[in-house]
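K.L.:
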Amino acid sequence: MPDEFSGSSLQVRSRFDASCTPLLQTVVVSVGHHRGVATEDTTTTRTRRSAISGSTRRVVGLLVVIAILVVVCVVIVPSMLPNLISATRSNPYVPLLVALFWIMATTAAIAGKRAIASGYLTWSGAATAHIGGTVANRVVPAGVGAAGVFVAALHRGGASNTAAAGVVALWAVAGGLAHASGLLLGVAWLREGWSGLLTVVAVATVVVFAVRFLVRRLAARRAARTPSTVPVVVPAGQPTKLQRVRATAREVVAAVRARPILAVAALGAQLTAALCLATGFALAAEGFGVEISIVVGMAAYLAGTALSAATPTPAGIGSAETALVGALMLAGAGLGEALPVVFLFRAVVLIAPVVAAALMAVAWVGVRLVTAARARRRTARTPHVPHALLPSVVLIVDPEPAPELP
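Residues in the sequence shown are numbered consecutively from 1467, following the working numbering.
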């Protein structure tokens, strides 16, 4: 009897456990599911709060910059405008000269973008992307507008997200190196002359060769290691900013290793564009009677532009003018001499992309209208035959004449 009861009790207990196990599993799964949902909700809430606070800070900063610009325009521009008008009347070729060098700089930048995106952009596509991005920078600061337009153009050309991110990152890195080089060279020339310039060039050469040597050593060590069999654990959730930066850096390094000519083309285009604009700025200063040499004017432009790039304002308005005026005054020019030069140069550089974009839009619309008109004329000249095979069919099935009845 005890054995029978013990057996029956074991059966009942096993049935009870079996019947309750799905319920307990459901409860555990539901609790885990709700915990996951709560965690996701908390993460989403934190992300939203950080995004809102970041956008609020950006809006407040932009409003502060706009207020400063309004104050500057109200205080400085009226006192500077007569000098600018008189200098422009006495030297009417200076705006055209600045526009010419802007065209040369734009051509160099378009060639660079065409070179690094040769599989995705044609010459017209690269020109449209560059001009459109320059106009977009007038609204969205820190080069974000230009990057967005460049990415959209690459996507239209068939590039994937990874390829587009790599191309844009390569162009941005080349721009950063160009600004850093301009800052070092400009400050060295303004402070020390040829000795400072040669010192900077020598130090930069040593750094480049040292970095190249270290990269080769690291690549050799990595190749000599045995492949690891430990599986790579990918963290769940969205990547952080640091992870995205690392991924983009790896993409850029991989692209440069695959085709080193891309890095040379991007950096060369950025440096050529900067030198063209610096030459235009220096010639404008000389044309307005500022007593500085062309090399000093170029150094002042390179240093001032690099400093203004650290302040993300739309199209560098405010920061670029302040940095350029300060660089000219550091080079020996007076405030009354520097203001007309800087304001004229900046006006041409800011207006020229808008005019170029408008001309490109008008040309595009004109080409579309001419193509449509030619298509309509071709359609009107072509004879409309509803049944082209009707004559041959008629000849084939033409019945014989009926026989005459007696």
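We put the beta carbon where it would ideally sit given N, CA and C, even for glycine.
Thinking Gly-1763 and Ala-1748 are a contact (beta carbons under 8 Å), I'd like their distance in whole angstroms, please.
P.N.:
Confirmed, about 3 Å.
K.L.:
Mind checking Gln-1736: buried by the 16 CB within 10 Å criterion, or exposed?
P.N.:
The residue in question, Gln-1736, is buried, as its Cβ has 16 or more Cβ neighbours within 10 Å.
K.L.:
Pick out whichever of Arg-1555, Ile-1569, Ser-1552, Ser-1556 has its Cα sitting closest to the Cα of Ile-1817.
P.N.:
Answer by Cα proximity: Ile-1569.
K.L.:
What three-state label does DSSP hand Asn-1627 in the structure shown?
P.N.:
Here Asn-1627 sits in helix by DSSP.
K.L.:
Is the stretch 1724-1744 touching the stretch 1642-1658 in the sense that three or more CB pairs, one from each, lie closer than 8 Å?
P.N.:
The stretch 1642-1658, when compared against the stretch 1724-1744, does touch it at the 8 Å Cβ threshold.
K.L.:
Below 8 Å, how does it come out for the stretch 1745-1760 and the stretch 1786-1798: are there three or more Cβ pairs, yes or no?
P.N.:
Yes, since at least three Cβ pairs between the stretch 1745-1760 and the stretch 1786-1798 fall closer than 8 Å, the two stretches touch.
K.L.:
What ranges does the beta strand (DSSP E) occupy inside the stretch 1786-1829, keeping only unbroken runs of at least 3 residues that lie completely in it?
P.N.:
If we require 3 residues or more, the stretch 1786-1829 turns out to have no beta strand (DSSP E) run fully inside it.
K.L.:
So what does DSSP say about Tyr-1767, is it helix, strand or coil?
P.N.:
The answer is helix: DSSP assigns Tyr-1767 an H, G or I state.
K.L.:
If you check the beta carbons only, do Gly-1591 and Val-1615 fall under 9 Å apart?
P.N.:
Cβ distance not < 9 Å, so Gly-1591 and Val-1615 don't count as in contact.
K.L.:
Identify, in the order they occur along the chain, each residue of the same chain with its Cβ nearer than 6 Å to the Cβ of Ala-1640, setting aside the five sequence neighbours on each side.
P.N.:
Excluding positions up to five away in sequence, the list reads Ala-1732, Leu-1733, Gln-1736.
K.L.:
If you compare alpha carbons, which of Val-1814, Val-1815, Thr-1788 is closest to Ala-1804?
P.N.:
Closest by alpha carbon: Thr-1788.
K.L.:
With a floor of 4 residues, list each alpha helix (DSSP H) that falls wholly inside the stretch 1554-1633, ordered by position along the chain.
P.N.:
With a minimum length of 4 residues, the continuous alpha helix (DSSP H) runs that stay inside the stretch 1554-1633 are 1559-1582, 1589-1602, 1610-1622.
K.L.:
Is Gly-1611 near the ligand SAM, going by C-beta to nearest heavy atom under 8 Å?
P.N.:
Of the ligands one can find in the structure shown there are none, so the ligand SAM has no counterpart to examine.
K.L.:
Quick one: Cα of Val-1808 to Cα of Ala-1838, how far?
P.N.:
Taking the straight line from one Cα to the other gives about 46 Å.
K.L.:
Would you report the Cα separation of Asn-1557 and Val-1633, rounded to the nearest angstrom?
P.N.:
If I take the Cα positions, the gap works out to 42 Å.
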